[in-house]
Every structure is written in structure tokens, then in C-alpha cells.
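Structure first, then comments.
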Amino acid sequence: MSNASVGTESLAAPTTAKAAKKLRVAFIGCGGISETHIAAMRRIPEFEIVAGCDIKPERLELMKTKHGITAGYERWDDMLREIKPDAVSVCTPNGVHAPATIAALNAGCHVITEKPMAMTPAECEAMIAAAKANGRKLVAGFQFRYHPTSQMLVRAREAGEFGQILFVKCQALRRRGIPNWGVFGQKDLQGGGPMIDIGVHVIEMAHYVMGAPRPVAASGNCWTYMGDKPSDVVSPWPNWDWKTYTVEDLAIGQIRFENGAIMQIESSFCAHIKENVFNFSMMGTKGGATWDPAMIHTDRAGTMINSTPNFLPKSDFGELFVHKLRNFAEGVLYDRPLEAPGEAGLAVQKILDGVYRAAAAGHEVAID
Ligand SMILES: NC(=O)c1ccc[n+]([C@@H]2O[C@H](COP(=O)([O-])OP(=O)(O)OC[C@H]3O[C@@H](n4cnc5c(N)ncnc54)[C@H](O)[C@@H]3O)[C@@H](O)[C@H]2O)c1
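Be aware that the sequence shown starts at 1, since it is given in our numbering, and climbs by one per residue.
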């Protein structure tokens, strides 16, 4: 059952609105995506942003001058001890998610950590254990499950429109989009390349729409043929750091679930295809669907019908962050159900990890 409060209501709650309770939140990692969090939190009256931590002083300076967040720390231990926030939003590179989250949980904070939840399932398990030991909430920062199309497909599945879902194809493919900032090409800091960075978005929403079946086996392969070399081809993000590039350019995987369903994964920073693709499609015994365009394929009135929604609420990037952060705040403050608890992050991490392990092994691997 989906609990997301996605509907036709206005999401733009005025900052002056009164909240029944407040959540004092601090950031670990004040880079690019923390800006989207801040903008979204300012539209949710429950949030009060109290501090930021970043190893780069210039990011702390920006928090102060641009956002008026004056309490800045270079070490999260100092921030957690002095500020004692109720909650922490972890917005660091993937390799820092687990240590930062565990430190915040052990300091008594509730945590939302950006996607992917961590670099490995073992890290996710340690994070979940820390949340349980401290009696605190832990959320994986997935936002695409709140997308109105994802919510529509969940309702269609719950109404039995697909019958048994047999096959889902997940695609997150860029024609040429190797990040030329941050550490996205460094496997030791990120855990992988396009599959863990952009594929994870499509995988998490497809897995959620499927009803979160348990993954049991993975196969696949990964290839690096472009990111680790200089390029003089004209592209939107040229001059990436090819010397430190240790991740895949293309990951192709197949996941088998306990219920027999199959998920196919295609993810790349630089695929030789006509144009970028960010989508999933699925086939069931009674019906199928595509996410983009939002469309359901069923038989009705003795006819094969393709249905499209007449109306869906606005769903840009910022709106999706409002949904995910509101779900986090309401889960913490009012004990409402969490759409993406740590366990959901772990299941997605097992899928990613399964494909990476199968690629390294050269054969199918079991997922525990
Ligand atoms: N949900 C989404 O759609 C979405 C979009 C972009 C990024 N992300 C995720 O957000 C995370 C950060 O991505 P970004 O684009 O903001 O990267 P970024 O490089 O812009 O920001 C990361 C920040 O973390 C800081 N940092 C690194 N190590 C730290 C430490 N030990 N303590 C404190 N701060 C530290 C860096 O100095 C940097 O300012 C990644 O996990 C990424 O996958 C999610």
C-alpha cells in the first residue's frame, strides 16, 4: 500500500505556516544537492535548519551568505555534540553516507541519507542496525517513488490491473554525460558509476511499483571504454577527470526475484544511442505500463486499450524533494508511515551490488 501524500493539493506550503511540531535539522555535506534540500525544507513548516557540516570551508561560507545558516562545522562530531540536532540530512558523496549516518544515529538524530543509501549492502545493514539500536528513524533519500506516475502505477497494481508482474525494464542512459565535477568517477568514493548514480533512480521506483519483491539472483556485465580516456568530442560536460576514472561506463544487469519476476537494467554515462533515456516499462499477466509516457496497457471492452492520465499533479525535481522530505518529517514527528525506510534502501543496494558482483565474477550470483 502506498502512503505518499501525492495528490492535487498545493505543495508550496508558505514558510509562515505554523507547524504543530518542529524538526531541527542539520546537514552533513553542503554541496550541490543540499541546495535542493534547503529549498524544499523552506517549503515545509516543520523544518528548522540549524547547522551545516562540510570539509570545504567555501561551502560553509555559502551556507552562511546564501542561506543564512551561520553554524558551520568541518567535523560532524563537533556539530552533533554542540548543536544536538533532532535530524540530519546526509548529502555527502556515497562513500561517506554510512559513517556520517551512523555517527548521527549514535548521537540520537533521525537521518535521511541521499541516494544511493550507501556503497554496499553491508554498509546499509550497519546503518539499519544503528537506527534500531538508537530507536531512531532512517530514510533512504529516494524521490522518484513520490512521482505522480509512480503513484498511479502503484494504485493500478494494487487494483490488480497488471495481474502478476513478470518483467520490468529499467533504463538510465546518457548519450554523453560523464560528470565533470565531484567524485562520480571514483569507485572507492562512490561504489560504482552510472548504475549506482543514475540507474538507482529508475531501479528504486520500478522496484517500489512492483511491490518490492525480494531479489534472489543477479547476472550482468560492466564495461569501461570512454571515461578513462581523454576525449575531444564536443559534449555538454567535457573534460571529465579521466585520470581518476575507475567506474563503469555501461552496466547491463538482470535481477531474478523470489516471485520469478525479472528486472533488466541498462545504465550508462556514455551509450551510443540516439538520445538520453530515463524510463521503465513493465509487462504482467493482465496488463503492462510505461513510466514515460505514463501509460497503462490492458484489455477492456474486448479491446486492447492504451490508457493515459487526463491529469497528474506537477512533478518537477523540486516538488519530488518536497514529497520525500515531508514524508521524512511526518514520519519522525507524527509517526506516519515512511515510504523509503532503510530496508528499502538495502533492497535496492542488493540489486546494484548483485549486478556489480556478477560482472566481476563473470557469472550469475546469488543475492542473500
Ligand atoms: N536525489 C537526487 O536526485 C540526487 C541528485 C544529486 C546528487 N545526489 C546524491 O547526493 C550526494 C551528494 O551529491 P552532490 O551532487 O551534492 O555532490 P557534491 O560534490 O556537490 O557535494 C558533496 C559535498 O559533501 C562534502 N563532503 C565530502 N566529504 C565530507 C565529509 N567527510 N564531511 C562533510 N562533508 C563532506 C563535499 O565537500 C561536498 O561539498 C551523492 O550521494 C549523490 O548521489 C542525489
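Idealized CB from N, CA, C, for every residue including glycine.
Assignment of LYS115 by DSSP, reduced to helix, strand and coil, places it in the coil class. Boundaries for GLN164: no beta strand (DSSP E) harbours it, and the DSSP string shows neither H nor E there.
Within the model, the alpha-carbon separation for ALA19 versus ALA103 is close to 28 angstroms. Runs of the beta strand (DSSP E) lying entirely within the segment 195-226, each at least 3 residues long, are 215-223 in chain order. Partner residues in the beta bridge of CYS53, as assigned by DSSP, are ILE28 and TYR73. Around the beta carbon of TYR73, 16 or more other beta carbons sit within 10 angstroms, so the residue counts as buried. Per the Cβ contact rule, the segment 261-275 is in contact with the segment 171-183 (3 or more Cβ pairs under 8 angstroms). The residue among GLU35, ALA39 and VAL25 with its C-alpha nearest the C-alpha of ALA51 is VAL25.
Checking the 7 angstroms criterion, the Cβ of ILE83 is out of range of every heavy atom belonging to ligand 1.
With fewer than 16 other beta carbons inside 10 angstroms of its own, ALA133 counts as exposed. When rounded, the separation of the alpha-carbon atoms in LYS314 and VAL209 is 19 angstroms. Per the C-alpha coordinates, the member of PHE47, GLU364 and THR92 positioned closest to GLN190 is THR92.
Judged by the Cβ position, LYS115 qualifies as a neighbour of ligand 1 at the 7 angstroms threshold, a heavy atom of the ligand being closer than this.
VAL216 and ALA344 do not touch by the CB rule: their CB atoms are close to 17 angstroms apart, not below 8 angstroms.
Judged by DSSP in its simplified three-state form, SER150 adopts helix. With a beta-carbon spacing of about 15 angstroms, PHE317 and ALA172 fall beyond the 8 angstroms limit used to define contacts.
No residue range can be given for VAL234, since it is assigned to no beta strand (DSSP E) and is classified by DSSP as neither H nor E. One Cα belongs to ARG214, the other to ASN259, and the distance between them is close to 8 angstroms. Separation of PHE167 and GLY31 (C-alpha to C-alpha, rounded to the nearest whole angstrom) is 37 angstroms.
With a cutoff of 8 angstroms on beta-carbon distance, ALA212 and CYS170 are scored as not near each other.
In the three-state reduction of the DSSP assignment, THR298 falls in the strand class. Within the DSSP secondary-structure output, SER281 pairs in a beta bridge with LYS169 and THR290.
The beta carbons of GLU82 and LEU346 sit no closer together than 8 angstroms. About 7 angstroms separates the CB atoms of LEU138 and PRO341; that is less than 8 angstroms, so the two are in contact.
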